[in-house]
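Report on the following structure.
There are 2 protein chains.
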Amino acid sequence: MTTPRERAPAATRVLAVDVGGTKFAAAVIDADGTVHARTEEPIAGAEPVEVLRRVVTMAEPAEVAAVAIGSAGPLDRARGTVSPVNIPAWRDFPIVDTVAGWLPAVPVLLAGDAQCMALGEWWRGDRPGALLGVVVSTGIGGGLVLDGRPHLGSTGNAGHIGHITVDPRGEPCPCGAVGCVETFSSGPAMVRWARGQGWSGADARRLADDARAGDAVAVCAFERGAEALATGLLTTAALCDVDRVVIGGGVAAAGDVLFAPLRGALEGRRGMAFLKRLCVEPAVLGRDAGLFGAAALALSPG
Amino acid sequence: MTTPRERAPAATRVLAVDVGGTKFAAAVIDADGTVHARTEEPIAGAEPVEVLRRVVTMAEPAEVAAVAIGSAGPLDRARGTVSPVNIPAWRDFPIVDTVAGWLPAVPVLLAGDAQCMALGEWWRGDRPGALLGVVVSTGIGGGLVLDGRPHLGSTGNAGHIGHITVDPRGEPCPCGAVGCVETFSSGPAMVRWARGQGWSGADARRLADDARAGDAVAVCAFERGAEALATGLLTTAALCDVDRVVIGGGVAAAGDVLFAPLRGALEGRRGMAFLKRLCVEPAVLGRDAGLFGAAALALSPG
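As given, the protein sequences belong to chains X and B, one line each in that order. Under the numbering used here, the first residue of the first sequence carries the number 731, and numbering increases by one thereafter. Under the numbering used here, the first residue of the second sequence carries the number 731, and numbering increases by one thereafter.
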C-alpha cells in the first residue's frame, strides 16, 4: 500500500483549496502534513471569483508543486468545472482553468469536498485500511479511500452515499430518485420530519439539543435518520468492503445524539462476517479535513 | 490505465481454476488470452479435493508463473480458505495451501467467482472503464473492476450486491439482513414469489419460458426482480461511479425477459447526470468468464 507520505519527497509543498458553500479556505501544506500558511474568507457579499483569487494567490507559483481543490458539488472533473448548490453565480464555473491562469505552470487538481474529507481523515487522521468518509450536514456527501488511494470514480462522482435509495416507498429526492439517504438523514430532512410530527424548532442544532434533552419527537427524528444512514453504511461496506466509516459534518457534530442510534441500528444488521468488523468513528480533523484531503490528492496523484 | 496485456510479458502463462458448486474447471492461459489447455470435471459423486487435484495437476509447476483460483463463496482471502455453500464437505477448506502443496514454488491467488467473472468480462470482453459484473443465478454475486484493476476489498469480499438492503420492509435474508437484492432477484426468489401468487412451475428456467409466453404472474415476478436489481445497480453506480454493468449467470441467460424490465426500471430513476451514462449489457464470455478473470488476477496482481 502506498501512502502520500511514502510517495512524495518531503520537501514537496502543495496549495490546498477548500471551496465551500459559504467560505473558501486555502493552505500551503507539505508532504509530512505541516501547514505553512492558511487563509480563509467568507463569500457573503463578495464576488466568489474574487474571493477565490485572493485565497489562491497567497501562494507563489514557484513555492508549490501543485494546486488541489476540494469543492462543493456538483462538479465535472473531466471539464474542471463546478456548480456548487449554494453559489448560484457558479454554474459550470471553469475553476481549474481559472486557477491555472493565476498560477501558471502549476498543475491543478479537482475533487469533491466529501471526497477530500475522506482522504484527509485517512491521511492525517492516521486511519489504516479502506475508508468511507461521510459528511452529514445540510446534505449528505461521501468519499472513498480504497487500496490506499482515493477512489474518485470514472466521472469523479464516486461516494454519493446521500443519493442511494434505502426505501423504495420513501419520498422523492431532488436528485430524481426516491427514498435516498439524504431524504432521511440530512439536517433539513430530520427537521422537516420532526416538524411534521408537531416539533416546533427551526433547525438541526435545536433538534439535536432537544433530542439530547429527551424530547420524544426529536429523539425519533435522529433514530429515523440513523436507521437510513445505517443502511447506506452497510450497503457501502457490502459493495466496497471498507474497514471503517468516518462521519463528520455539522449534524454529526451533535455526537451521541446521532452516533448512539446509528451504532444501535448497525448492530442488529451486520449479517455477513466481514461486516461485523466495520468501525464507525467520528471525524477528528474538523473543518480542516478537506484541506488536508486536497493536499493528499496532490501529493499522491496515483 | 494499466491492463494485464500491458503489464505481463506475453510469454507468461498461468493456471486459472474455477471452483463452482457443481463442477471444477481449469485452463492454462497466457498473457494475450490464448487458452493452451482446458479441463472440467463434475464433483457429484466424487471427493471434491480429488477433483481439484485432477484439474490442478494438469499443469506442470515449471509451465505456469502462478495459479489463480476463482471460487464460489463465502471465502476468506487472508487465510486462503473457502466454504462454498453447495460443497458441504468444504468449510474453511484451505484451498490455497492445498494447491500450493501440489504445485510447489508457484504463487497461488484466490478471489470470488463473481469477482473473477467481472474481471474476465473486463479483460477479454474488451470493456473499457470501470465495471460491475453481476451473476444472477441461484444467488446474486458481483465483482468490481475500478481504475483498471480488480477491487477485491480489504477482506476480499467487495462486490456483494446480492446482500445490500433495497427494501427495509422486505423479507429476512439468510445473510442476516432484510430485503436484500437476492431475496427479490435470484432465480429461487422469483420462483418462490411466483408460486405464492399461484404459479405452479418448479424452476427459474420454466418461469422465464412462461414470462416469455406472456404469463402474467411470471412477467410480474421478473419485473419485481428487475426492480430490486435496478436499485442495486444504481446504488453501486452512485457509490463507485462505474461506467458499465455486465450481467451473466443462469437467470440472466433468459435474456430480454430479465433485461427488458431491468432497462425499464432503470430509465425512470437515473437522477444524477453521471448515472445517465451507465450501460447495462449481457455478459459475452459465458461459462469461461471466471477462468479468464482468474487468469487476469494472476497476470496483473497490482
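Just so it is clear, CB atoms sit at the ideal spot from N, CA and C, and this is done for glycine as well. This one's a predicted model, so the numbers in the text were calculated from it and none came from an experiment.
Practice task
For M1002 of chain B, return the contacting residues in chain X, with the cut-off set at a CB-CB distance below 9 Å.
Solution key: P804, N887, H890, H893, C905, G906, A907
Handout entry: C-alpha gap between T961 of chain X and G917 of chain X, whole angstroms
Key = 17 Å
Problem - Cutoff 7 Å: C970 of chain B Cβ touching any chain X Cβ - result: yes
Exercise for the section: Would you check if there are 3 or more beta carbon pairs closer than 8 Å linking the region 873 to 892 of chain X to the region 958 to 978 of chain B? Expected result: yes
Exercise for the section: Kindly identify the DSSP beta-bridge partner or partners of V781 of chain X. Expected result: Answer is none; V781 of chain X lacks a bridge partner.
Exercise for the section: Decide yes or no for the touch test of the region 985 to 996 of chain X against the region 868 to 887 of chain X: beta carbon pairs closer than 8 Å, at least 3 of them. Expected result: no
Handout entry: Cβ pair G906 of chain X, G980 of chain B closer than 7 Å
Key = no
Practice task
Would you verify that the beta carbon of T961 of chain B is, or is not, closer than 7 Å to some beta carbon of chain X?
Solution key: yes
Problem - Limits of the alpha helix (DSSP H) - the one that C970 of chain B falls within - result: 946 to 970
Problem - Residues from the region 824 to 853 of chain B in contact with chain X, defined by Cβ distance under 9 Å - result: none
Practice task
In the DSSP assignment, find the unbroken beta strand (DSSP E) run with P772 of chain X in it and report its ends.
Solution key: 765 to 772
Exercise for the section: Look at the alpha carbon of C903 of chain B and the alpha carbon of A1025 of chain B, and state the distance between them as a whole number of angstroms. Expected result: 33 Å
Exercise for the section: Could you say which of B:T913, B:V911, B:V949, B:E912 lies nearest to W929 of chain B if we only look at CA atoms? Expected result: B:V949
Handout entry: D760 of chain B versus R935 of chain B - alpha carbon distance
Key = 35 Å
Exercise for the section: Report all residues from its chain with a CB closer than 6 Å to the CB of N816 of chain X; omit the five preceding and five following residues, and keep chain order. Expected result: G751
Practice task
With S915 of chain B as the anchor, note down where its alpha helix (DSSP H) starts and where it stops.
Solution key: 912 to 915
Practice task
State the Cα-Cα distance for the pair G926 of chain B and A956 of chain B, rounded to the nearest angstrom.
Solution key: 18 Å
Exercise for the section: For the beta strand (DSSP E) holding D748 of chain X, just list the boundary residues, first then last. Expected result: 743 to 749
Exercise for the section: Decide yes or no for the touch test of the region 842 to 862 of chain X against the region 797 to 813 of chain X: beta carbon pairs closer than 8 Å, at least 3 of them. Expected result: yes
Problem - Under 8 Å from the C-beta of L964 of chain X: neighbouring residues of chain B - result: I894, T895, A907
Practice task
In angstroms with no decimal places, state the Cα-to-Cα distance between T868 of chain X and L964 of chain X.
Solution key: 22 Å
Practice task
Could you name each continuous beta strand (DSSP E) segment of 3 residues or more that falls completely within the region 847 to 913 of chain B, going from the start of the chain to the end?
Solution key: 861 to 866, 870 to 876, 879 to 881
Handout entry: Within-7 Å CB hit, R999 of chain B to chain X
Key = yes
Problem - Spatial distance of A943 of chain B from L937 of chain B (CA atoms) - result: 10 Å
Exercise for the section: Look up R974 of chain B in the DSSP assignment and give the residues it is bridged to. Expected result: B:L861, B:C1009
Practice task
Return the chain-ordered list of same chain residues with a C-beta closer than 6 Å to the C-beta of L1008 of chain X, the five sequence neighbours on each side being excluded.
Solution key: A967
Exercise for the section: Give a yes or no on whether the C-beta atoms belonging to G803 of chain B and G850 of chain B are separated by under 7 Å. Expected result: no
Practice task
Compare the Cα-Cα distances from F1022 of chain X to each of X:D806, X:D827, X:D822, X:G855 and report the closest residue.
Solution key: X:G855
Practice task
Have a look at the DSSP bridge pairing and note the partners of S801 of chain X.
Solution key: X:V749, X:G842
Problem - Any chain B beta carbon closer than 7 Å to A934 of chain X - result: no
Practice task
Name the residue from B:G763, B:R783, B:R922 whose alpha carbon lies nearest to the alpha carbon of K753 of chain B.
Solution key: B:R783
Problem - Test: A792 of chain X CB closer than 7 Å to a CB of chain B - result: no
Problem - Spatial neighbours of A835 of chain B in its chain, beta-carbon cut-off 7 Å, leaving aside the 5 residues before and after - result: P791
Problem - Proximal residues, the region 860 to 872 of chain B versus chain X, C-beta separation under 7 Å - result: A860
Exercise for the section: Please decide whether D760 of chain B counts as near chain X, where near means a Cβ-Cβ distance under 7 Å. Expected result: no
Handout entry: CB contact check: S884 of chain X to chain B, cutoff 7 Å
Key = yes
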